[in-house]
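Before any comments, here is the structure.
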Amino acid sequence: ENPNVTAVVWSGLPGPEYGPAIVDVLFGNYNPGGKLVFTIAKNDLDYGTNITDTYNSNYTEGVFLDYRHFDKNNITPRYYFGYGLSYTTFTFSTLTISKVGQDNHIGQSLYRRRRVSSYSNKALLSFYEPIYTITFTVTNIGNVDGSEVPQLYLGFPEEAAEPPKILRGFERVYLEIGESKTVTLVLTQRDVSYWNTVNQNWTVAHGKYTVWIATSANNADIKLEGFFNI
1035 ENPNVTAVVW SGLPGPEYGP AIVDVLFGNY NPGGKLVFTI AKNDLDYGTN
1085 ITDTYNSNYT EGVFLDYRHF DKNNITPRYY FGYGLSYTTF TFSTLTISKV
1135 GQDNHIGQSL YRRRRVSSYS NKALLSFYEP IYTITFTVTN IGNVDGSEVP
1185 QLYLGFPEEA AEPPKILRGF ERVYLEIGES KTVTLVLTQR DVSYWNTVNQ
1235 NWTVAHGKYT VWIATSANNA DIKLEGFFNI
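Residue numbers (the working numbering): 1035 to 1264.
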C-alpha cells in the first residue's frame, strides 16, 4: 500500500485500440463506469483456497464463493466485488418494494408443484416469473455525464443458512448532469429460494428478507435498504 497511489485503472485484457481508449479515460474525455466482477484480496490467503496450484477441487467452500466468502469471514479485501470509480457522483433515493400479483404458489417447492400438476412446464416457467419489483431513483449530482451500476443484494431469513448477502440483480444507468432516472429490478421465486440439501429441492425460507441497493459488495457502499416478508 502506497499513499501516493490514489486510484488504479484496471484494463483487463485490452484490445488493439487500448492506447487511445486509456488516454481518453486518463484525460477525462471519457467517464469510466466499469465494475469489478470479482474480489481483489490484500493477501492470497484471504481467498480461503489455493488459487494457483490446485488441479483438483472438492468445492468444500459450498456457496461461499468470492464476496460471499469475504462477507462470511469478515475479511476486508483491497477492492470489493462490484466496485468501480467514476468522475461524477450519484445519489439514490425512494426505494419501493412491491409484490407482483397474488401467487399462492410462492413457497411451494418447484418439484412438488410439478408432481401435483400436469402443467409442469408452466410451473417451471412461473419459478422464474417476477414476484417482487424493486424500484428506486438514481440521480447524477456531479459535473460530468456518466453511468452507474446499481446492484441489488438480498439477505435471507436465518433458516436458509445463506451468505450474508447475495447479488440478485443489477442494471447500468446512464445519466447526464443533473438527470434522474427510475430503476426497476425484479425478484423471482428462484431469487428468494435456496437449495435444500436435505430435501434435495428448491425451498423458499419463511421470514424477513432484506433488500440492499449498493454500488459494490462493501457494506459501506449500501445506499438503500428495505424489507419484505414471506
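Note that beta-carbon positions come from the ideal geometry of N, C-alpha and C, so glycine has one too.
Neighbour-count burial assignment, residue i, 16 or more Cβ in a 10 Å radius
i, result
"Ser-1132", "exposed"
"Thr-1249", "buried"
"Ile-1247", "buried"
"Pro-1111", "buried"
"Asp-1105", "buried"
"Val-1042", "exposed"
"Asn-1077", "exposed"
"Gly-1116", "buried"
"Tyr-1101", "buried"
Nearest-angstrom Cα separation, counted from residue j out to residue i
i, j, result
"Thr-1222", "Ser-1160", "8 Å"
"Gly-1049", "Val-1238", "44 Å"
"Asn-1327", "Asn-1108", "A query on residue 1327 cannot be resolved here, the shown segment of the chain reaching from 1035 to 1264 and no further."
"Glu-1196", "Trp-1236", "13 Å"
"Val-1071", "Ala-1254", "18 Å"
"Ser-1091", "Tyr-1081", "14 Å"
"Gly-1062", "Phe-1204", "26 Å"
"Trp-1044", "Gly-1212", "28 Å"
"Ala-1194", "Thr-1073", "24 Å"
"Leu-1079", "Gly-1046", "23 Å"
"Leu-1129", "Val-1178", "25 Å"
"Glu-1192", "Leu-1219", "24 Å"
"Ile-1183", "Asn-1233", "Note on identity: in this sequence residue 1183 is Val, with Ile being the wrong assignment. Cα to Cα, Val-1183 sits roughly 36 Å from Asn-1233."
"Asn-1036", "Ser-1127", "35 Å"
"Asn-1263", "Arg-1224", "16 Å"
Three-state class that DSSP yields for residue i in the structure shown
i, result
"Gly-1053", "helix"
"Glu-1213", "coil"
"Ala-1248", "strand"
"Tyr-1101", "helix"
"Gly-1046", "coil"
"Val-1220", "strand"
"Leu-1070", "coil"
"Glu-1193", "helix"
"Val-1134", "coil"
"Tyr-1114", "coil"
"Ser-1282", "Nothing can be reported for residue 1282: it is not among the residues displayed for the chain, which extend from 1035 to 1264."
"Asn-1267", "In the structure displayed, the chain extends from 1035 to 1264; residue 1267 sits before or after that span and is not available."
"Lys-1242", "strand"
"Ile-1256", "strand"
"Leu-1060", "helix"
"Tyr-1208", "strand"
"Leu-1188", "strand"
"Ile-1264", "coil"
"Asn-1036", "coil"
Whether residue i touches residue j by CB criterion (8 Å)
i, j, result
"Tyr-1166", "Val-1134", "yes"
"Ser-1181", "Gly-1067", "yes"
"Phe-1170", "Val-1217", "yes"
"Val-1226", "Leu-1186", "no"
"Gly-1189", "Tyr-1243", "yes"
"Ile-1200", "Thr-1125", "no"
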